[in-house]
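Undergrad: One structure is given below, represented as structure tokens, and several questions about it will come after.
2 protein chains.
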Amino acid sequence: MTSARPQATHHARILEDLRRRILDGRWAPGHQLDKEIDLAEAHGVSRMTMNKVLTQLAQEGYLVRRRRGGTFVAQPRAQSAVMEINDIGAEVAALGLTHDWTLLRREITRLGAAERALLDMPADAGTGDVLFLQGLHSAQGAPFCLETRAINLAAVPAARDMAFDATPPGTWLTQTKPWTAARNTLRAIGVEGAEARHLGLPVGAACLLILRKTRSEPDWVTCVRLVYPGEAHQLVAEFEPGRAS
Amino acid sequence: MTSARPQATHHARILEDLRRRILDGRWAPGHQLDKEIDLAEAHGVSRMTMNKVLTQLAQEGYLVRRRRGGTFVAQPRAQSAVMEINDIGAEVAALGLTHDWTLLRREITRLGAAERALLDMPADAGTGDVLFLQGLHSAQGAPFCLETRAINLAAVPAARDMAFDATPPGTWLTQTKPWTAARNTLRAIGVEGAEARHLGLPVGAACLLILRKTRSEPDWVTCVRLVYPGEAHQLVAEFEPGRAS
DNA sequence: GCGGCCGATTTGTCTATTCATATTCCTGCG
DNA sequence: CGCAGGAATATGAATAGACAAATCGGCCGC
Chain A
1 MTSARPQATH HARILEDLRR RILDGRWAPG HQLDKEIDLA EAHGVSRMTM
51 NKVLTQLAQE GYLVRRRRGG TFVAQPRAQS AVMEINDIGA EVAALGLTHD
101 WTLLRREITR LGAAERALLD MPADAGTGDV LFLQGLHSAQ GAPFCLETRA
151 INLAAVPAAR DMAFDATPPG TWLTQTKPWT AARNTLRAIG VEGAEARHLG
201 LPVGAACLLI LRKTRSEPDW VTCVRLVYPG EAHQLVAEFE PGRAS
Chain B
1 MTSARPQATH HARILEDLRR RILDGRWAPG HQLDKEIDLA EAHGVSRMTM
51 NKVLTQLAQE GYLVRRRRGG TFVAQPRAQS AVMEINDIGA EVAALGLTHD
101 WTLLRREITR LGAAERALLD MPADAGTGDV LFLQGLHSAQ GAPFCLETRA
151 INLAAVPAAR DMAFDATPPG TWLTQTKPWT AARNTLRAIG VEGAEARHLG
201 LPVGAACLLI LRKTRSEPDW VTCVRLVYPG EAHQLVAEFE PGRAS
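Line by line, the protein sequences are chains A and B. For the first sequence, full-length UniProt numbering gives the first residue as 1, with consecutive numbering after it. For the second sequence, full-length UniProt numbering gives the first residue as 1, with consecutive numbering after it.
Structural data, given as structure tokens:
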């Protein structure tokens, strides 16, 4: 099976093995693992070695461990990590405001040149079907963020059956699909055309643009373009290295 | 000595002890530590326990370890970590452009209400002397970023003697003072007044505003306001959880 | 004097075992 | 029936010992 790794220590091999099982969904969030001793025996190592692996995965946020309780797969990282504005509903709620989501557009298609340009995607991976979405987040009735998103249906087939007319896709995705890497691009723009109209802003008003591309191992999961009315919104990223939990 | 920590495991105490020595400069970058065995004995623990501590610190980027070579304090984290645009000179160089720094203002003072508002500092820590700086970064001759910065002289006394007329303060600081926590705030603004003039932009042009506050354990180190001409610049933050080195 | 090899040293990894601690579960008493 | 308390159990922490891997240095032969 997972041969093809000639030079690797026991705990490195087991670490990758377990991480993969979590990421590809074989072990769903909430799944309870066997106890240290049994896992150790199953992998042919001592409990100390297995403990090192499990401790590491817990530190990375993949597992939650409780004494006597056992070891569980953690819920997908919501905003545990570092730089996350995945769930705009939660973001608005944290400010103590009411949140609304209005779906403006939904279609299943292949990406054309215009959409690729808008989402800053190169000719890169993926010519298959995508779910293309656009919608408006409102806070306390006022436009808060315009979201334009492509979801790779090859990576997240379940998205095909979601309407996203009541739940924003970001909320659903963070609860559904774990990711392994993300790339955020930030820029200031003067809004134009339809985007200005949706946000109720004059053309040329300063807006914060976030382009995010999320990956899960082999393919990309989703690309999203978020436009925030400039002065009204700010984005805070707190960062403390090496202090995972 | 370091009592005052009633409930703590051995490796947690030692971990904090060593981290402190690195952060407050008692162990300078490049300093060679004693070998595991000796450190273990000095702290009254076994080698396995000390190994756990040193391995952890190496993973956090504080130490560099080489077999047979020994264990060394790492050079201060430049942009090893996650979300770093500390050194604008390096940023510009990475784009293959020439970089220039023009100092516009330099004074040692106490922060007034206007400066606090500009840098988004609350009545928060620090009524002592600060070094207040303003300057312009240029790339290939064109304005690239307007920097306004306060440096806490209580935390970085050496900054008092630096002119910063040739080297930007960000470059110097990242090579001098390690930090433990940072907070970035991002916003889009329409530039006004003097800032527009310095950047050579019309009033109201969209710009990316970054406010960063850096801490090192007890006090704040520096607060900086960076204004980037909007369309011309974008900020990319790549993020991969749990993959430290 | 120079280059290659070999041994000593230091970290890396793993094991077997012991004790500690936090929960859960179950039993028994009111 | 419900709650208190104790036993069982899974993880957490630490130890001593052993071997592997990397590499620094010095020794030896040429």
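Beta carbons are placed, not taken as given, at the ideal position from N, Cα and C, and that holds for glycine.
#1: Is the Cβ of A/T174 closer than 7 Å to any Cβ of chain B?
#2: Would you mind reading off the limits of the alpha helix (DSSP H) that contains B/E36?
#3: To the nearest angstrom, how far is it from the Cα of A/L133 to the Cα of A/V236?
#4: Residues of chain A with a CB under 8 Å from the CB of B/G190: which are they?
#5: Given a cut-off of 7 Å on the beta-carbon distance, is the pair B/C223 and B/L119 in contact?
#6: For the beta strand (DSSP E) containing B/H233, list its first residue and its last residue.
#7: Work out the CA separation of A/S216 and A/H137 for me, nearest whole Å.
#8: Output the residue ranges of the beta strand (DSSP E) runs that lie fully inside the segment 164-209 of chain B and measure 3 residues or longer, sorted by chain position.
#9: Using three-state DSSP, classify B/A142 as helix, strand or coil.
#10: Please list the terminal residues of the continuous alpha helix (DSSP H) segment that includes B/L119.
#11: Let me confirm a value: A/T2 is counted as buried when at least 16 other C-beta atoms fall within 10 Å, else exposed. Which label applies?
#12: Excluding five sequence neighbours on each side, which residues of the same chain lie with their C-beta closer than 8 Å to the C-beta of B/G230?
#13: List the DSSP bridge partners of A/Y62.
#14: Return the CA-CA distance between A/R160 and A/Q75, expressed in angstroms with no decimal places.
#15: Considering B/R26, what are the terminal residues of the alpha helix (DSSP H) in which it resides?
#16: With distances taken from CA atoms, which of A/E36, A/L146, A/D34 is nearest A/V191?
#17: I want to see whether chain A comes within less than 7 Å of B/V224, judged by CB atoms only; does it?
#18: Please confirm if B/V236 has its CB atom under 7 Å from at least one CB of chain A.
#19: Leaving aside the five residues before and after A/R105 along the sequence, list all residues of the same chain whose C-beta is less than 6 Å from its C-beta, in chain order.
#20: Exposed or buried, which one is B/L95 when buried takes at least 16 other CB atoms within 10 Å?
#21: Mind checking which residues open and close the beta strand (DSSP E) that includes B/D100?
#22: Rounded to the nearest angstrom, what separates A/T171 and A/T185 at their Cα positions?
#23: For A/V45, which residues of its own chain have a beta-carbon under 8 Å away from its beta-carbon, when the five flanking residues on both sides are left out?
#24: For A/Q134, name the three-state secondary structure that DSSP assigns.
#25: With a CB to CB cut of under 6 Å and the five nearest residues on each side skipped, what residues in its chain are close to B/R21?
TA: Considering the structure as presented:
#1: Translated into the one-based positions of the first sequence, residue 174 of chain A becomes position 174. Not an interface residue.
#2: The residue you call residue 36 of chain B lines up with position 36 of the second sequence. Here the alpha helix (DSSP H) through B/E36 covers 36-43.
#3: Indexing the first sequence from 1 puts residue 133 of chain A at position 133. Indexing the first sequence from 1 puts residue 236 of chain A at position 236. Those two C-alpha atoms are separated by around 26 Å.
#4: Locating residue 190 of chain B in the second sequence gives position 190, counting from the first residue. Ordered by position in chain A, the residues that pass the 8 Å Cβ test against B/G190 are A205, A206, G230, E231.
#5: Residue mapping note: residue 223 of chain B aligns to position 223 of the second sequence, counting from 1. Residue mapping note: residue 119 of chain B aligns to position 119 of the second sequence, counting from 1. Going by C-beta atoms, B/C223 is nearer than 7 Å to B/L119.
#6: For this step, residue 233 of chain B is matched to residue 233 along the second sequence. No beta strand (DSSP E) contains B/H233, which DSSP labels as neither H nor E.
#7: Taking the first residue of the first sequence as position 1, residue 137 of chain A is located at position 137. Taking the first residue of the first sequence as position 1, residue 216 of chain A is located at position 216. Each residue's alpha carbon lies about 26 Å from the other.
#8: 181-190
#9: Reading the second sequence from its first residue, position 142 is the one you call residue 142 of chain B. B/A142: strand per DSSP, three-state reduction.
#10: Counting from one through the second sequence, the residue named residue 119 of chain B turns up at place 119. Premise fails: B/L119 is in no alpha helix (DSSP H) and is neither H nor E.
#11: In the first sequence, the residue the question calls residue 2 of chain A occupies position 2. The predicted model places A/T2 with a pLDDT of 43, which falls under 50 and marks its position as unreliable; any figure quoted below should be read in that light. Exposed, because fewer than 16 other Cβ atoms sit within 10 Å of the Cβ of A/T2.
#12: Taking the second sequence and counting its residues from 1, one reaches residue 230 of chain B at position 230. Same-chain partners within the cutoff: A188, A205, A206, C207, L208.
#13: Residue numbering aside, residue 62 of chain A sits at position 62 when the first sequence is read from its first letter. Its beta-bridge partners do not exist; DSSP assigns none.
#14: Here the question's residue 160 of chain A lines up with position 160 in the first sequence. Here the question's residue 75 of chain A lines up with position 75 in the first sequence. Looking at the two C-alpha atoms, the distance is approximately 23 Å.
#15: Counted from its first residue, the second sequence places residue 26 of chain B at position 26. Note, B/R26: premise wrong, no alpha helix (DSSP H); not H, not E.
#16: Here residue 191 of chain A refers to the residue found at position 191 when the first sequence is read from its first residue. The shortest C-alpha separation from A/V191 is found at A/L146.
#17: The residue given as residue 224 of chain B occupies position 224 in the second sequence. Not closer than 7 Å to any Cβ of chain A, the Cβ of B/V224 fails to qualify, so no.
#18: As a first step, residue 236 of chain B is located in the second sequence; it is residue number 236 there, counting from the start. Yes, B/V236 lies at the interface with chain A (some Cβ there is under 7 Å from its Cβ).
#19: Locating residue 105 of chain A in the first sequence gives position 105, counting from the first residue. Hits under 6 Å: Q134.
#20: In the second sequence, the residue the question calls residue 95 of chain B occupies position 95. Answer is exposed; the Cβ neighbour count stays below 16.
#21: Residue numbering aside, residue 100 of chain B sits at position 100 when the second sequence is read from its first letter. B/D100 -> beta strand (DSSP E) spans 99-109.
#22: By one-based count along the first sequence, residue 171 of chain A stands at place 171. By one-based count along the first sequence, residue 185 of chain A stands at place 185. One C-alpha to the other measures close to 20 Å.
#23: The residue labelled residue 45 of chain A in the question sits at position 45 within the first sequence. Answer for A/V45: H10, H11, I14, listed in chain order.
#24: If you number the first sequence from 1, residue 134 of chain A lands on position 134. Of the three classes helix, strand and coil, the one that applies to A/Q134 here is strand, per DSSP.
#25: Numbered from 1 along the second sequence, position 21 holds the residue referred to as residue 21 of chain B. Closer than 6 Å at the Cβ level, and outside the excluded window around B/R21, lie W27.
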